[in-house]
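Enquirer: If you're matching positions, the sequence shown starts at 7 in this note's numbering and goes up one per residue.
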Amino acid sequence: MNSLIIANWKCNPATLKEAQELFSEIKENIINKDIVICPPSIFLPSLICDGINFGAQNCFWKESGAYTGEVSPQMIKSIGCKYVIIGHSERRTIFNESNDEIKSKIKQAKKAGLIPIVCIGESKNQNTFEIIEEQIKDIEKDIILAYEPLWAIGTGENASIDKVREVREYLKDRKVLYGGSVNSQNAKDYLEIADGLLIGGASLNAKEFIKISNILCDI
Ligand code: 13P
């Protein structure tokens with residue numbers, strides 16, 4: 007797998023018009039095509055196009071049925087997505103998603119033919135490897151993991167290169183991306199260790215995201 011640069015727009019931007027403007031600037035200027043854009047699900051059908059990979063930020067653990075408000079992996083696949091982010095720490099903490107629920111989502115996503123990008127990572131006072139062990143228990147190896155320590159998300163604080171290397175080595179037989187306050191200044195250092203990047207804030211700035219994505223062309 008080539009290194010992947012994944013944009014997690016989270017619950018941004020607030021309107022379809024802004025999402026279209028952001029995406030068209032990225033699309034026109036991107037050289038490296040190993041990127042994945044994960045906008046809010048509602049914007050996906052208006053943005054999906056040939057030549058760029060798309061993903062959803064979450065999915066349900068059933069294919070269909072009486073589950074008001076949910077979006078299934080089969081639906082996500084049917085509109086042209088290739089990936090789905092599962093178990094982001096914001097979903098684990100704000101929406102109380104458990105490891106069991108995350109496992110069910112991974113299973114259904116794989117059944118639908120999507121590639122799950124599963125987020126793992128510890129909060130400040132937790133032991134990294136204890137938490138990672140709990141989070142990856144019974145999860146097969148044919149998925150992508152994104153190591154995103156909670157204290158590095160949206161804070162401007164980064165995991166040290168040594169820490170990411172340690173996690174990478176611990177999970178040596180898996181694909182591991184890094185996420186947490188990545189920007190165009192630090193992206194190259196992480197790309198030399200990890201299999202790619204999961205980018206939040208910086209992916210909402212087209213110029214910054216393009217700069218990060220095109221770093222791969224120089225490595
Ligand atoms: P930031 O890049 O804003 O720290 O967010 C990281 C993240 O949560 C990506 O999923």
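Glycine included, every Cβ here is placed at the ideal spot set by N, Cα and C.
#1: Can you list, in chain order, the residues of its chain with a C-beta nearer than 8 Å to that of C44? Leave out the 5 residues immediately preceding and following it.
#2: Between the stretch 102-114 and the stretch 156-164, do at least 3 Cβ pairs fall closer than 8 Å?
#3: Taking the alpha carbon of I32 as the point to measure from, which residue in I121, C55, C17, K147 has its own alpha carbon closest?
#4: With a floor of 4 residues, list each alpha helix (DSSP H) that falls wholly inside the stretch 29-78, ordered by position along the chain.
#5: Compare the C-alpha of V182 against each of I167, K143, I123, V188 and name the closest.
#6: How long is the line joining the alpha carbons of N18 and S209, rounded to whole angstroms?
#7: Any residues whose CB sits closer than 6 Å to a heavy atom of ligand 1? List them in chain order?
#8: Looking at the secondary structure, which residues open and close the beta strand (DSSP E) in which A13 lies?
#9: Can you tell me whether C223 is helix, strand or coil according to DSSP?
#10: What is the rounded straight-line gap between the Cα of E198 and the Cα of T21?
#11: Along the chain, where does the alpha helix (DSSP H) that runs through V170 open and close?
#12: Can you give the beta carbon distance from G119 to K83, rounded, assuming they're within the 8 Å contact cut?
#13: Near A193, what residues of its chain come up, given a Cβ to Cβ distance below 7 Å and the 5 sequence neighbours on each side ignored?
#14: Determine which residues share a DSSP beta bridge with P122 and list them.
#15: Express the C-alpha separation of Q141 and D148 in angstroms, rounding to a whole number.
#16: I'd like to confirm the pairing. Which residues does DSSP put opposite V188 in its beta bridges?
#17: What is the DSSP secondary structure of G207, counted as helix, strand or coil?
#18: Could you say which of K143, Q191, S95, K23 lies nearest to E128 if we only look at CA atoms?
#19: Whose CA, out of R97, K111, N164, L151, lies closest to the CA of K130?
Expert: Once the coordinates are examined:
#1: Position 38 of the sequence shown, counting from 1, holds the residue named residue 44. Cβ within range, chain order: I12, A13, N14, W15, F60, G61, A62, Q63, Y89, I91.
#2: Counting C-beta pairs with one atom in each stretch, the stretch 102-114 and the stretch 156-164 have fewer than three that are closer than 8 Å, which means they do not touch.
#3: Mapped onto the sequence shown, residue 32 falls at position 26. Ranking the options by Cα distance to I32, first place goes to C55.
#4: Counting whole runs of 4 or more residues, the stretch 29-78 contains the alpha helix (DSSP H) stretches 50-53.
#5: Stepping through the sequence shown from its first residue, residue 182 is reached at position 176. Of I167, K143, I123, V188, the residue nearest in Cα terms is I123.
#6: Working through the sequence shown from its first residue, we reach residue 18 at position 12. Working through the sequence shown from its first residue, we reach residue 209 at position 203. C-alpha separation (whole angstroms): 10 Å.
#7: Taken from the N-terminal end onward, the list reads N14, H94, E154, I159, G160, G185, G186, S187, V188, L204, I205, G206, G207, A208.
#8: Position 7 of the sequence shown holds residue 13. Unbroken beta strand (DSSP E) run through A13: 10-14.
#9: Counting from one through the sequence shown, the residue named residue 223 turns up at place 217. DSSP places C223 in helix when its eight states are reduced to three.
#10: Along the sequence shown, read from residue 1 onward, the residue named residue 198 stands at position 192. Along the sequence shown, read from residue 1 onward, the residue named residue 21 stands at position 15. Their backbone Cα atoms lie some 35 Å apart in a straight line.
#11: Within the sequence shown, the letter at position 164 stands for residue 170. Counting along the chain, the alpha helix (DSSP H) containing V170 begins and ends at 167-176.
#12: For the purposes of this step, residue 119 is identified with residue 113 of the sequence shown, where counting begins at 1. For the purposes of this step, residue 83 is identified with residue 77 of the sequence shown, where counting begins at 1. Indeed, because the Cβ distance is near 5 Å, the residues count as touching under 8 Å.
#13: Taking the first residue of the sequence shown as 1, we reach residue 193 at position 187. Taking C-beta separations shorter than 7 Å and ignoring five residues to either side along the sequence, the partners of A193 in its chain run L203, I218, I221, following chain order.
#14: For this step, residue 122 is matched to residue 116 along the sequence shown. Answer is V90.
#15: One-based indexing of the sequence shown puts residue 148 at position 142. One-based indexing of the sequence shown puts residue 141 at position 135. Roughly 15 Å separates the two Cα atoms.
#16: As a working mapping, residue 188 is identified with position 182 in the sequence shown. According to DSSP, which records beta bridges pairwise, V188 is partnered with nothing at all.
#17: Translated into the one-based positions of the sequence shown, residue 207 becomes position 201. Three-state DSSP puts G207 in a helix.
#18: Position 122 of the sequence shown, counting from 1, holds the residue named residue 128. With distances taken between Cα atoms, E128 lies closest to S95.
#19: Counting from one through the sequence shown, the residue named residue 130 turns up at place 124. Selected option, being the one with the closest Cα: N164.
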